[in-house]
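Counting from 1, position 280 in the sequence shown corresponds to residue 706 in the numbering used here; the numbering is continuous, with no gaps.
Below is one structure, written out as structure tokens, with a few remarks after it.
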Amino acid sequence: MCGIFGLVGDTKKAGQTVFTALKELEYRGYDSWGVAGVPLHTNSTKLICSKKVGKILDSKIGRFAESQIAIGHTRWATHGGVTVQNAHPHLDSEQQVAIVHNGIIENFAQLRDNLLAKGYVFRSETDSEVFAHLLTEELKTTTFPEAFRRSFMQLEGLNAVVAIKLGEPSILAARNGSPLLLGFGKKSHFISSDPAGLIPHTKQVYYLEDGEYAEIQANSVIIKTVRTNKQQKIVTKMLDWNVDQVSKGSFEHFMLKEIYEQPKILSEIASSGQANAERIARCITKSYGSYLIGCGTGAYACLAGTYIFSKIAKRHVNWAVGSEFGYQVDFLTQKSAVIALSQSGETMDILESVKQARKKEATILAIVNSIGSSLYRLADEKLLLGAGPEKAVASTKAFLAKIAYLLLIAHTLAGKKDQGAACVKAAAAATQEILTSTHINNVKKISKRIAQSEHMFVIGRGVSYPAALEAALKIKEISYIHAEGLAAGELKHGALALIEKGLPCMVFAPKDETYQATLSAAMEVKARGGYIIGCAEERHEVFDAFIPVTDIGIATLIPNVVIGQLFAYYLSVEKKLDPDKPRNLAKSVTVK
Ligand code: M6R
């Protein structure tokens, strides 16, 4: 989950460059940060290290001695609280080695006990620190690369580790599960947990595979397999993202920028996504049983997919959240198609499920935003969302891109390709309309009124039900208002008990088969004192506040979700929170 960045090259300011790059990765974790470097001056007897608690964007690195080799980390706490001691890098007691780590070392207690028995002193509560001491122990008998390899082999769990040592020209990096990629610059080489950190330096990358380790020097890179120590061929890839895409531009927050990028992304999918949709549609046609899996926002895209496939393609697809799918793979066969939806392509809960599906010989299809990500590489057939880098923790444009492709695929399966493209085009126009100033001012005004609410509901029926779940997820993660997404028909089965005077309830009421029943549910809420925010084509007397939404059939779910995104954003701003970095969350969830 955390951000890792390292650099070795023709510079004296490796520490400062790593610090700046970590700012790009802050969305991976923002509890604390740290940078360690090998001092350029050969008479230095210790590594340099600077660590602080808090957001890196609010920090300064201060004086950091000249160095050509440095590694750094932004932390999202798992083992141990948010303290300077727990921040990475972790160093040995003599400050000869420094390591940064992502993942969870499952056998850390046992490793720590062995090291304690040998007299090592632990300063942090983290699992990560064991690696610094393991390395020191192994260094008693062998070289830095071999000690690193032997230490890595002792770890259980899904981990990525990067290390430096005083007097050594290399950064060493290994992964098993947690992502790492190398960047190839002109006179420097880089290691990063994430492409966003590399973009300002290079687009030429190599994704380290599970069980590989890298010896990275200014002029060379060697990749080897951890177990066999056998050298591997390096085939690099070019990233297709640019620097503008990873900066905020004139927007105050990444989330708002990403919301505004959506109409363009939808238009591009409408005009050029068909060939991709057809490839996936062919795999689904060949399969006997298709399963959509995703987590969080991705899971709600999957649920929406079940309605879209049923309505448009008259086809049954199953869905499950990534963390649960692994418990129901028993019925998979060689003929099953597992379609995994993910922005990052690194979500551990999805990867684990996919690996289990692979054991059952199911075909794996990935609908993913990050080229070269673990899911992308694991899949038999892949479709790139093309939404560009998403940096706000709350996923917005990747959700819309997933829905757009599901619409294209479903229409393709139904033999109605042109209607699919028209449907996504209409969604692009409806989204553009929601982003005009009249609508935005309306959302801002209503947000002001409801910002102090502790709870709220978002309801819808049919495909508006996953839309309600997605809108509620956005609102809760960014504004900390407890928002519950509900199938409107379920209210009377329990949740109505929670309605109190003034409780906001957002209602998605497109003029489809669900319209009347959804309005009835809204009336039940209003009768008990609820404050109804209606999202519909026409105003209705039950609505206390009204957001007009053009009806575009099944794709109305798209503008409705955009309204949910805007509410989440403006509620967060109204409450003076940071919409890009909600508490306790990180962008990429690479732990189980
Ligand atoms: O990268 P992924 O799409 O696999 O991420 C899945 C979830 O972690 C993600 O959608 C999360 O729920 C977002 N914070 C929601 O806005």
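Backbone N, C-alpha and C define an ideal beta-carbon position, used for all residues, glycine too.
Whose C-alpha, out of the options, is nearest the C-alpha of residue i?
i: residue 852; options: 893, 975 and 901; result: 975
i: residue 973; options: 990, 709 and 981; result: 990
i: residue 953; options: 982, 985, 918 and 934; result: 918
i: residue 689; options: 707, 855 and 901; result: 855
i: residue 821; options: 686, 444 and 724; result: 724
i: residue 881; options: 871, 927 and 893; result: 927
i: residue 982; options: 860, 993 and 1012; result: 860
i: residue 797; options: 747, 812 and 751; result: 812
i: residue 486; options: 504, 714, 903 and 460; result: 460
i: residue 516; options: 463, 699 and 849; result: 463
i: residue 479; options: 709, 505, 512 and 449; result: 512
i: residue 447; options: 628, 734, 1009 and 503; result: 628
i: residue 946; options: 596, 807 and 967; result: 967
i: residue 671; options: 450, 552 and 879; result: 450
i: residue 634; options: 988, 600, 559 and 837; result: 600
i: residue 984; options: 823, 871, 876 and 906; result: 823
i: residue 418; options: 993, 901, 886 and 472; result: The requested residue 418 is not part of the displayed model; the chain covers only 427 to 1018.
i: residue 787; options: 970, 770, 795 and 756; result: 756
i: residue 980; options: 850, 722, 896 and 993; result: 850
i: residue 443; options: 614, 538, 1016 and 586; result: 614
i: residue 752; options: 776, 744, 740 and 772; result: 776
i: residue 699; options: 843, 551, 778 and 936; result: 843
i: residue 773; options: 477, 475 and 1018; result: 1018
i: residue 992; options: 683, 743 and 771; result: 683
i: residue 930; options: 785, 502, 955 and 916; result: 955
i: residue 870; options: 550, 1001 and 858; result: 1001
When the distance is taken between beta carbons, is residue j closer than 8 Å to residue i?
i: residue 514; j: residue 523; result: no
i: residue 500; j: residue 456; result: yes
i: residue 998; j: residue 904; result: yes
i: residue 488; j: residue 452; result: no
i: residue 432; j: residue 588; result: yes
i: residue 734; j: residue 889; result: yes
i: residue 780; j: residue 801; result: yes
i: residue 758; j: residue 783; result: yes
i: residue 957; j: residue 970; result: yes
i: residue 701; j: residue 719; result: no
i: residue 570; j: residue 596; result: yes
i: residue 934; j: residue 986; result: yes
i: residue 667; j: residue 814; result: yes
i: residue 925; j: residue 872; result: no
i: residue 994; j: residue 901; result: yes
i: residue 839; j: residue 696; result: no
i: residue 1021; j: residue 605; result: The structure shown does not extend to residue 1021, since the chain is modelled only from 427 through 1018, so no value can be given for it.
i: residue 911; j: residue 899; result: yes
I need the boundaries of the beta strand (DSSP E) containing residue i, first residue and last residue.
i: residue 431; result: 429-435
i: residue 490; result: It is not in any beta strand (DSSP E) - residue 490 carries neither H nor E in the DSSP assignment.
i: residue 458; result: 458-465
i: residue 475; result: 474-479
i: residue 630; result: 630-633
i: residue 972; result: 971-974
i: residue 715; result: Note, residue 715: premise wrong, no beta strand (DSSP E); not H, not E.
i: residue 912; result: 908-913
i: residue 886; result: 881-886
i: residue 590; result: 585-591
For the alpha helix (DSSP H) containing residue i, name the first residue and the last one.
i: residue 873; result: 863-876
i: residue 446; result: 440-450
i: residue 615; result: Where residue 615 is concerned, there is no enclosing alpha helix (DSSP H), although the beta strand (DSSP E) it sits in stretches over 614-618.
i: residue 604; result: No alpha helix (DSSP H) holds residue 604; DSSP gives it neither H nor E.
i: residue 901; result: 890-905
i: residue 997; result: 983-1000
i: residue 978; result: Here residue 978 belongs to no alpha helix (DSSP H), and DSSP marks it neither H nor E.
i: residue 919; result: Here residue 919 belongs to no alpha helix (DSSP H), and DSSP marks it neither H nor E.
i: residue 721; result: No alpha helix (DSSP H) contains residue 721, which DSSP labels as neither H nor E.
Quick one: does residue i have its CB under 8 Å from some CB of chain D?
i: residue 716; result: Within the model displayed, chain D is absent; a lone protein chain is all it includes.
- Item | Any alpha helix (DSSP H) of 4 or more consecutive residues that is wholly inside the region 921-957 | 941-953
- Query: Does the region 533-548 come within contact of the region 580-600, defined as at least 3 CB pairs closer than 8 Å?
  - Reply: yes
- Message: Going residue by residue through the region 492-564, where are the continuous beta strand (DSSP E) segments of at least 3 residues, counting only ones entirely within it?
- Response: 493-501 and 523-529
- Counting pairs of beta carbons, one from the region 725-733 and one from the region 814-832, are three or more of them closer than 8 Å? yes
- Message: If contact is defined by three or more beta carbon pairs under 8 Å, each pair taking one atom from either stretch, is the region 649-656 in contact with the region 616-630?
- Response: no
- Query: Are at least three pairs of beta-carbons, each pair with one atom in the region 556-567 and one in the region 629-645, less than 8 Å apart?
  - Reply: no
- Message: I want to know whether the region 487-497 touches the region 435-449 - three or more CB-CB distances under 8 Å.
- Response: yes
- Item | Touch test, the region 1000-1009 against the region 755-767, Cβ-Cβ under 8 Å, three pairs minimum | no
- Can you list the beta strand (DSSP E) stretches of 3 or more residues lying completely in the region 636-713, in chain order? 638-642 and 647-651
- Are there three or more Cβ pairs, one per stretch, closer than 8 Å when the region 699-711 is compared with the region 801-816? yes
- With a floor of 4 residues, list each alpha helix (DSSP H) that falls wholly inside the region 737-814, ordered by position along the chain. 748-751, 774-785 and 800-804
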